[in-house]
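In mature numbering (1 follows the signal peptide of the UniProt record, and there is no 0), the protein residues as written are -17 to -1, 1 to 125.
What follows is one structure encoded as structure tokens, with my remarks underneath.
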């Protein structure tokens, strides 16, 4: 009886050991470049990017993003989550009559990206998630 219990516990431990979430820090620019088209009504500027002078500050917004991983690898799932977060910021900006989102930052729990040009993401076997935040502003001519 005891051996059956211990074998069952060992099997459960092994099965659940791969279910943890890991932190990733990936380059933000490729995703941000795809998200910002030249004719976009809302410009996106990461925290390290220079931008035109701010005419009016509307406010700060923050979103938590979680997407199902499907069959994507970890990096692809994180990029999709980041792109979705940028789209949420863009929609907020349009709704509040801003033409830009500046100082865009990401994090996953208490983890920030390793470099100023990266974004943070948490990834598990089933999902990718992150928190994205930025300042909604009206900027001068681009």
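Using N, Cα and C, we set each Cβ at its ideal position, and we do this for glycine too.
With burial defined as no fewer than 16 other Cβ atoms inside 10 Å of the residue's Cβ, what is the status of residue i: buried or exposed?
| i | result |
| --- | --- |
| residue 109 | exposed |
| residue 98 | exposed |
| residue 118 | buried |
| residue 49 | exposed |
| residue 64 | buried |
| residue 105 | buried |
| residue 103 | buried |
| residue 130 | Look at the range of the chain in this structure, -17 to 125, and you will see that residue 130 is not part of it. |
| residue 40 | exposed |
| residue 93 | exposed |
What is the DSSP secondary structure of residue i, counted as helix, strand or coil?
| i | result |
| --- | --- |
| residue -11 | Because residue -11 carries a pLDDT of 49, less than 50, the predicted location of this residue cannot be relied on, and the following value inherits that uncertainty. Residue -11 falls in the helix class under three-state DSSP. |
| residue 13 | helix |
| residue 93 | coil |
| residue 77 | helix |
| residue 32 | coil |
At a Cβ threshold of 7 Å, is residue i touching chain D?
| i | result |
| --- | --- |
| residue 50 | Judged by its chain identifiers, the structure shown contains no chain D, having just a single protein chain. |
In terms of DSSP beta bridges, what is residue i paired with?
| i | result |
| --- | --- |
| residue 5 | 106 |
| residue 122 | 37 |
| residue 55 | DSSP, once it has assigned bridges, lists no residue as partnering residue 55. |
| residue 49 | 112 |
| residue 84 | 27, 119 |
| residue 43 | 118 |
| residue 101 | 10 |
From residue i to residue j, what does the alpha carbon distance come to, in whole angstroms?
| i | j | result |
| --- | --- | --- |
| residue 68 | residue 37 | 22 Å |
| residue 120 | residue 5 | 33 Å |
| residue 33 | residue 124 | 13 Å |
| residue -4 | residue 107 | Residue placement at residue -4 is poorly supported in this model, since its pLDDT is 40, which falls under 50; the coordinates are not used for a value here. |
| residue 12 | residue 78 | 25 Å |
| residue 90 | residue 71 | 16 Å |
| residue 82 | residue 43 | 14 Å |
| residue 88 | residue 61 | 15 Å |
| residue 8 | residue 53 | 20 Å |
| residue 24 | residue 10 | 24 Å |
Is residue i a contact residue of the ligand FAD, with contact defined as CB to any heavy atom under 6 Å?
| i | result |
| --- | --- |
| residue 68 | Of the ligands one can find in the structure shown there are none, so the ligand FAD has no counterpart to examine. |
Between residue i and residue j, which are expected to be in contact by the criterion C-beta below 8 Å, what is the C-beta distance as a whole number of angstroms?
| i | j | result |
| --- | --- | --- |
| residue 29 | residue 51 | Their Cβ separation, rounded to whole angstroms, is 26 Å, which puts residue 29 and residue 51 out of contact at 8 Å. |
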